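Taking it in order: structure first as structure tokens, then the write-up.
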Amino acid sequence: MIKSEPDVFGIDDLAAARGRRTSWDGVRNYQARNFLRDEMKRGDLAFFYHSNCAEPGIAGIAKIVKEGYPDTTAFDSSDPHYDPNSDPSRPRWYMVDVQLQRKLKRTIALAELKRHADDELRGFALLRRGNRLSVLPVSEEHWRFISSIE
DNA sequence: GCCAACGTTGGC
DNA sequence: GCCAACGTTGGC
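Start counting the first sequence at 335; every next residue gets the next number (this note's numbering).
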């Protein structure tokens, strides 16, 4: 799952992007970085989640079209995500490229997902207390369940 | 706008 | 290595 604030870059922005794809850059959290760098494979699907907005929830599905590679925004001193501690010879931050697979027929609200926190979605990282990860794993079982309630 | 939950930073 | 201060995330 990849999270984004729709006011900044939402599912419709991805739909409007050239090739319906974009670089998922600017992630500056080590755990999230590890998922981008090590876990997400070309062809994998990811839920696109809208955070920090009126109706937080899953808005669409994206596909990983390029596996983890160094996040070049970290090297650009004029970029808001610039990190002087990330050296091009030893990059600290990684990104992937994603492409819109499709928007969901409806946004599956966080409130609805929460109703299944103790059964079908038990253990889902999104629902764990204090979760703030912007990139997080979804198990096969959880993926199938969420797909089934669309 | 408020606030809880973190992660990071930096002094010691 | 500890821990207080600070900044950020994100639901409400």
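Note that beta-carbon positions come from the ideal geometry of N, C-alpha and C, so glycine has one too.
Keep in mind that this is a model prediction, so the values were computed, not measured.
Residue 403 places its beta carbon 8 angstroms or farther from that of residue 335. Between the alpha carbons of residue 341 and residue 452 lies a gap of roughly 31 angstroms. Under the DSSP assignment, residue 336 falls in the beta strand (DSSP E) whose first and last residues are 336 to 338.
Secondary structure within the region 350 to 422: the alpha helix (DSSP H) runs of 4 or more consecutive residues, fully enclosed, are 364 to 368 (chain order). Contact between residue 429 and residue 357 holds: their C-beta atoms lie close to 5 angstroms from each other, under 8 angstroms.
Taken through DSSP and simplified to helix, strand or coil, residue 432 comes out as strand.
Counting only residues of its own chain and dropping the five nearest sequence neighbours on each side, residue 361 has a CB closer than 8 angstroms to the CB of 367, 370, 405, 427, 428, 429, 468 and 469. The alpha carbon of residue 375 has as its nearest neighbour, out of 439, 398 and 480, the alpha carbon of 398. With respect to the 8 angstroms criterion, residue 443 and residue 373 are not classified as neighbours on the basis of their beta carbons. Residue 420 sits close to residue 408, with the two beta carbons spaced by under 8 angstroms.
Unbroken alpha helix (DSSP H) stretches of 4 residues or longer found wholly inside the region 436 to 464: 444 to 448, given in chain order. Secondary structure at residue 469: strand, using DSSP grouped into helix, strand and coil.
When secondary structure is reduced to three states using DSSP, residue 478 falls in the helix class.
Residue 425 and residue 378 have their C-alpha atoms roughly 24 angstroms apart.
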